[in-house]
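Under my numbering, the residues of the sequence shown are numbered 4 to 272, in order. Notes follow the structure.
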Amino acid sequence: MSKPLKIHFITDLEGAAMVFGFHQTRGVDGTEEKRQAMRLLTGEVNACVDGILDFDPNADVVVWDGHGSGGIVYELFHDQARLLPHRNTPAPYGLDETFDSVFFVGQHAMAGTPNAPLAHTYSSKTIEYYKLNEQFVGEFGLRAYMAGTLFDVPVAFLSGDDKAVAEAQVLVSNLVGVATKIGTGLESALSLGPGKARQLIREGAREACARVRAGKITPVKLDPPFEWEVRVLEGQEQLTENYLRRPGAERLDDRTVVIRTTDPRAVLR
Ligand SMILES: [Zn+2]
């Protein structure tokens with residue numbers, strides 16, 4: 004008998020089926036459109052938990068709500084998982100070396116990806132791109148490297164739009180990807196229905212657990228030194244001052260800062 008699987012989730016709101024526009028994802032107070040998107044995501048998160056429990060009924064699942072203004076409807080959350088809210092849960096978001104894998108639910112692609120719905124890198128209003136050691140990198144990449152580099156934990160599953168799935172599969176071979184929609188523009192997509200998305204996520208999560216258990220997925224890691232390049236959008240030049248306050252920061256031009264460090268926790272978040 005092997006010990007129960009322990010799985011960490013990083014969720015986001017933009018990658019859920021039927022979420023097409025920024026009006027569905029913004030606002031802490033919650034418009035009806037935002038609440039609806041949160042219900043859609045929570046259903047997908049619960050389906051992913053069910054898929055894990057199909058594989059291992061004793062699995063321990065810890066979910067971090069990764070959406071800035073909140074993406075989980077608390078009263079609908081799965082009874083056999085536990086939740087860390089977005090607020091006051093800094094990186095590494097409850098993850099540590101005791102977990103067997105990280106699963107991403109509701110993920111979007113990095114800023115600048117063509118035809119990727121709601122694509123952004125941390126802030127859709129301020130960031131043009133991040134590069135890490137000369138490679139363009141988004142939220143998925145930084146957090147996959149965080150899990151691998153800091154804790155030796157592999158990422159085995161991602162659901163989200165098809166561009167987010169492709170971005171993840173370039174970095175992690177053997178990752179199980181479930182596309183909830185085909186992106187056709189920044190705020191347009193051809194989406195599955197919520198029920199179909201949940202069914203595929205449940206099946207995919209079960210398969211991802213089998214791959215984790217079989218040791219088929221390798222953690223992705225980066226060795227120091229790190230070179231993290233941040234370029235802000237036009238009109239956001241004043242934001243570079245915040246990045247310049249970090250140790251090892253140097254200005255490249257009015258919109259671009261590079262931060263050189265050997266500390267992975269200064270970069271991977
Ligand atoms: Zn995001």
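Using N, Cα and C, we set each Cβ at its ideal position, and we do this for glycine too.
query: Alpha carbon to alpha carbon, what distance is there between Leu203 and Ser176?; result: 19 Å
query: Using three-state DSSP, classify Ile262 as helix, strand or coil.; result: strand
query: When the Cα atoms are used, what is the spatial distance from Arg185 to Asp15?; result: First, the amino acid is wrong: residue 185 is Ile here, not Arg. For Ile185 and Asp15, the distance between alpha carbons rounds to 17 Å.
query: Mind checking Ala213: buried by the 16 CB within 10 Å criterion, or exposed?; result: exposed
query: Alpha carbon to alpha carbon, what distance is there between Ser126 and Asp257?; result: 19 Å
query: Could you round the C-beta distance between Thr152 and Leu225 to whole angstroms and report it? I think they count as a contact, below 8 Å.; result: 5 Å
query: Roughly how many whole angstroms lie between the Cα atoms of Gly163 and Arg263?; result: 32 Å
query: Quick check: the Cα distance between Asn49 and Leu255, rounded to an integer number of angstroms?; result: 44 Å
query: Let me confirm a value: Tyr96 is counted as buried when at least 16 other C-beta atoms fall within 10 Å, else exposed. Which label applies?; result: buried
query: Is Ser194 buried or exposed, if buried means 16 or more other CB atoms sit within 10 Å of its CB?; result: buried
query: Just verifying my parser: in three-state terms, what is the DSSP assignment at Lys128?; result: coil
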